[in-house]
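**Student:** Going by the UniProt record's numbering, the first residue of the sequence shown is number 1, and it counts up by one from there.
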Amino acid sequence: MSSLELREFHTFLEGLIEESTREQRFSIDKIVGTILHRHPQRLERIQDQVVALGLRALIRNNCRAKVSSTNNGPDMFGHYHVGKRIPVPYKDEKGKLRWDKKRRTELSFHDLDEIITRWDDHPPQQSRDRKDFDEISRRTAPYRDVARTVGEALQMAERDGR
């Protein structure tokens, strides 16, 4: 499938959206239904791309989710606005800044420091994420020498009432 076919589908989709919003309120479900029932041949030509895009969206949503269905035991990150996978900065072999998604249970103190350092490189913007990572750093500071991971340090802080 070519990118031309995908662009043509985008144009077709834009027309469907415009048409459907003239008659009634915007409804994603109604547009999806129209495509599936009235224009299946258009979808067949780009089906592989649609499946890949859908899988990417599902994976991104899963990584952003706060609660894990596979978690055994208490979630020490539960009240923080931190996804199950956290973007951690690193430099590749050419020195270029890259981002790796790590499980929050495997977040090391070095990873936490790198995240905060990246934010310190930018003008101060107190996002909810930034506040949460600053709080995590503050709560885990006394346990850096004894805990292997940030999650383990959070358990110790919880145990000690910090």
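Yeah, the Cβ is synthetic: ideal placement off N, Cα and C, and Gly gets one too.
Apart from the five residues on each side of it in sequence, which residues of its chain come closer than 6 Å, Cβ to Cβ, to F109?
**Tutor:** Result list for F109: R144, in chain order.
**Student:** DSSP state of Y80, grouped into three classes?
**Tutor:** Reduced to three states, the DSSP call for Y80 is coil.
**Student:** Could you tell me whether the Cβ atoms of Y80 and D160 are closer together than 8 Å?
**Tutor:** No, the Cβ-Cβ distance between Y80 and D160 is not below 8 Å.
**Student:** Rounded to whole angstroms, what's the CA-CA distance from L6 to T105? Just pull it up for me.
**Tutor:** Distance between the alpha carbons of L6 and T105 is about 39 Å.
**Student:** Per the DSSP calculation, V51 is bridged to which residue(s)?
**Tutor:** V51 is not bridged to any residue.
**Student:** Taking the beta carbon of F26 as the centre, do at least 16 other beta carbons fall within 10 Å, making it buried, or is it exposed?
**Tutor:** When all chains shown are included, F26 counts as exposed.
**Student:** Please determine, among N61, E158, S127, the residue with the shortest C-alpha to C-alpha distance to P142.
**Tutor:** The candidate whose alpha carbon is nearest that of P142 is E158.
**Student:** State yes or no: is the C-beta of W99 within less than 8 Å of the C-beta of V88?
**Tutor:** In contact: W99 and V88 (Cβ atoms closer than 8 Å).
**Student:** Determine the burial state of I17: buried for a count of at least 16 other Cβ atoms within 10 Å of its Cβ, exposed for fewer.
**Tutor:** By the 10 Å Cβ count, I17 comes out exposed.
**Student:** Got a sec, what are the start and stop residues for the alpha helix (DSSP H) R162 sits in?
**Tutor:** Premise fails: R162 is in no alpha helix (DSSP H) and is neither H nor E.
**Student:** Going by alpha carbons, who is nearest to K91 out of I115, F77, R85?
**Tutor:** Checking every option, the nearest Cα to that of K91 belongs to I115.
**Student:** Kindly indicate the opening and closing residues of the alpha helix (DSSP H) around K30.
**Tutor:** Element bounds for K30: 28-38.
**Student:** Taking Cβ positions, are D113 and K102 nearer each other than 8 Å?
**Tutor:** No; because the gap between Cβ atoms is not below 8 Å, this pair is not in contact.
**Student:** For K96 and I35, what's the separation of their Cα atoms in angstroms?
**Tutor:** Each residue's alpha carbon lies about 42 Å from the other.
**Student:** Sorted by chain position, which residues of the same chain lie with C-beta nearer than 8 Å to D134's C-beta, five sequence neighbours on each side aside?
**Tutor:** Counting only Cβ-Cβ distances below 8 Å, and skipping sequence neighbours, we find I116.
**Student:** For R85, list the residues DSSP reports as bridge partners.
**Tutor:** Paired residue(s): R103.
**Student:** At the level of alpha carbons, what is the spacing between F9 and L107?
**Tutor:** Roughly 41 Å between the two C-alpha positions.
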